[in-house]
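Protein chains in written order, with my numbering: chain A, 19 to 228; chain B, 296 to 477. Notes follow the structure.
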Amino acid sequence: MKNKQYNSIAIFVVLLFGAILFYIGTDGFTAYTVETARVNKLMEENRVFPEVTLEDSKERVYSFSEFEGKYVMLTFIYTACSDVCPQLEFNLAEVYKQIPPKYIGKDIVFLSISFDPKNDDPATLEKYRYYFDSDGETWRLARISDQQQLDGLLMDFGVTVIPDENGNFQHNSAFYLVDPNGILIEVMDYEEIELAADKVNSILDSKVGE
Amino acid sequence: MKYGLVLYIFLMLPPVANLAESVMAIHMHMQMTLFVVVGVLMAPLYQKIFARFFEKWNSNGVPGILLFMVILGYWLLPRTMDEALSIPAVELFKFISLPFLAGVPLRDSWGKLSNVGKNTLYVLLSVIFGGMAWLYIASPVQLCNNYLIIEQKTLGWGFVFFAVSIMIYFISTLIIDPSDYE
């Protein structure tokens with residue numbers, strides 16, 4: 019009889035331990051993958067977009083502060099990518115179309131940054147932008163030639179890029195929204211076009227609108 | 296006990312651990328499984344030293360099996376596998392929890408469990424592994440940032456193998472009576 023009691027206590031302790039372990043391990047049952055945890059954390063931390071030098075598809079070279087005072091909608095891509103990136107860019111194009119024209123260029127710019135600067139020279143990027151109807155102006159494609167700057171940015175924004183043997187990269191994808199002060203404020207699921215567009219529009223409406 | 300300790304030290308050698316963790320399927324299906332095996336091999340020693348403790352707190356085997364399931368479940372999360380690679384404390388927790396909080400209680404509990412308990416565990420494990428197989432094979436997104444999607448699918452098929460093996464063994468225990476062959 020006594021043993022039964024001890025067993026019950028032990029079961030209770032084990033279950034309590036399990037609950038605590040899972041609670042801590044998943045940030046209170048909110049993040050079961052590192053990716054979700056990463057996104058949750060990124061949005062909390064207000065990361066600042068680092069000073070990097072961009073070279074865009076029109077061979078213009080400028081630093082990120084070029085976009086100061088505007089929201090910047092970001093993606094990270096490489097043009098040789100055959101699976102996720104075209105989908106990511108296609109979806110970004112859909113979001114772009116859903117932003118009222120009065121905001122485009124003036125209050126928000128779109129920017130796709132290549133993390134494969136060796137292959138994605140301005141000519142390649144210029145060709146790539148046609149596939150997605152990017153005008154190269156209010157939606158720019160650019161590379162960061164300085165590997166150190168690129169790595170720093172990827173690290174700050176939590177973009178994991180793993181090169182494989184065939185010149186391809188495995189990478190995580192999302193829409194990133196940087197505010198006019200260069201602070202990362204939103205990381206959005208790139209598969210939820212409507213959700214992303216609504217979010218961006220509501221931010222623009224409240225911050226910029228009349 | 297000796298073999299358990301040798302295996303334990305071998306698995307923790309940095310080059311061995313790094314190699315095992317570089318492949319997703321080996322990380323989960325071989326390294327983690329072997330850590331549990333380490334605990335199973337070392338269990339008799341602890342059962343001898345802490346005989347009173349085990350007898351008192353784990354007399355029917357249920358608390359031990361629950362602890363085993365908790366630790367197993369924790370290490371099935373995609374997130375923990377990533378964090379074992381990037382956070383040293385989590386890696387250390389893996390080295391300690393799998394042998395001592397999963398392997399040791401598993402061996403201590405197994406003999407104490409009733410047949411119903413054992414059968415429940417077989418079915419539960421194959422269902423859980425089947426679920427994990429489905430998750431890793433069917434997931435269109437990369438679940439672990441450190442591993443490629445193709446490795447994720449390989450891992451999923453490894454789970455299929457585990458689930459089917461457990462199921463076959465379970466069925467065989469139901470229809471085969473070992474005493475017929477003695």
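Positions of the beta carbon are idealized from the N, C-alpha and C atoms, including for glycine. Since this is a predicted model, take the numbers as computed values, not measurements.
Three-way DSSP call (helix, strand, coil) for residue i in this model
| i | result |
| --- | --- |
| residue 436/B | coil |
| residue 220/A | helix |
| residue 464/B | helix |
| residue 122/A | strand |
| residue 349/B | helix |
| residue 475/B | helix |
| residue 198/A | coil |
| residue 147/A | helix |
| residue 374/B | helix |
| residue 337/B | helix |
| residue 2/A | Residue 2/A lies beyond the stretch modelled for chain A, which goes from 19 to 228, so this question has no answer here. |
| residue 364/B | helix |
| residue 319/B | helix |
Best match in the options for proximity to residue i [C-alpha to C-alpha]
| i | options | result |
| --- | --- | --- |
| residue 377/B | 305/B, 429/B, 319/B | 319/B |
| residue 391/B | 424/B, 415/B, 327/B, 412/B | 327/B |
| residue 130/A | 57/A, 144/A, 119/A | 144/A |
| residue 166/A | 158/A, 70/A, 211/A, 78/A | 70/A |
| residue 58/A | 206/A, 225/A, 223/A, 212/A | 206/A |
| residue 73/A | 188/A, 192/A, 149/A, 135/A | 135/A |
| residue 77/A | 159/A, 28/A, 93/A, 62/A | 159/A |
| residue 297/B | 309/B, 325/B, 338/B, 324/B | 338/B |
| residue 321/B | 453/B, 307/B, 382/B | 453/B |
| residue 108/A | 171/A, 85/A, 148/A | 148/A |
| residue 152/A | 121/A, 132/A, 114/A | 114/A |
| residue 14/A | 92/A, 226/A, 89/A, 110/A | Residue numbering for chain A in the displayed model covers 19 to 228; residue 14/A lies beyond these limits and cannot be assessed. |
Supposed close pair residue i, residue j - CB separation, criterion 8 angstroms
| i | j | result |
| --- | --- | --- |
| residue 52/A | residue 313/B | Actually they are not in contact, since the Cβ atoms of residue 52/A and residue 313/B sit about 19 angstroms apart, beyond 8 angstroms. |
| residue 174/A | residue 68/A | 6 angstroms |
| residue 123/A | residue 156/A | 4 angstroms |
| residue 438/B | residue 373/B | 4 angstroms |
Close beta carbons around residue i, own chain, < 6 angstroms, minus the five adjacent residues each side
| i | result |
| --- | --- |
| residue 533/B | An answer regarding residue 533/B cannot be provided, because it is not within the stretch 296 to 477 covered by chain B. |
| residue 457/B | 424 |
| residue 379/B | 385, 386, 389 |
heavy atom of the ligand ATP below 7 angstroms from residue i C-beta
| i | result |
| --- | --- |
| residue 399/B | The model depicted lacks the ligand ATP and carries no ligand whatsoever. |
Sequence-distant residues of the same chain with beta carbon closer than 7 angstroms to residue i, five excluded per side
| i | result |
| --- | --- |
| residue 335/B | 398, 401, 402 |
| residue 50/A | 44 |
| residue 455/B | 428 |
Proximal residues to residue i (C-beta, below 8 angstroms), its chain only, five neighbours per side dropped
| i | result |
| --- | --- |
| residue 305/B | 311 |
| residue 393/B | 327, 330, 331, 333, 334, 366, 370 |
Meets three-Cβ-pair contact criterion under 8 angstroms: the region 329-345 of chain B and the region 408-419 of chain B: no
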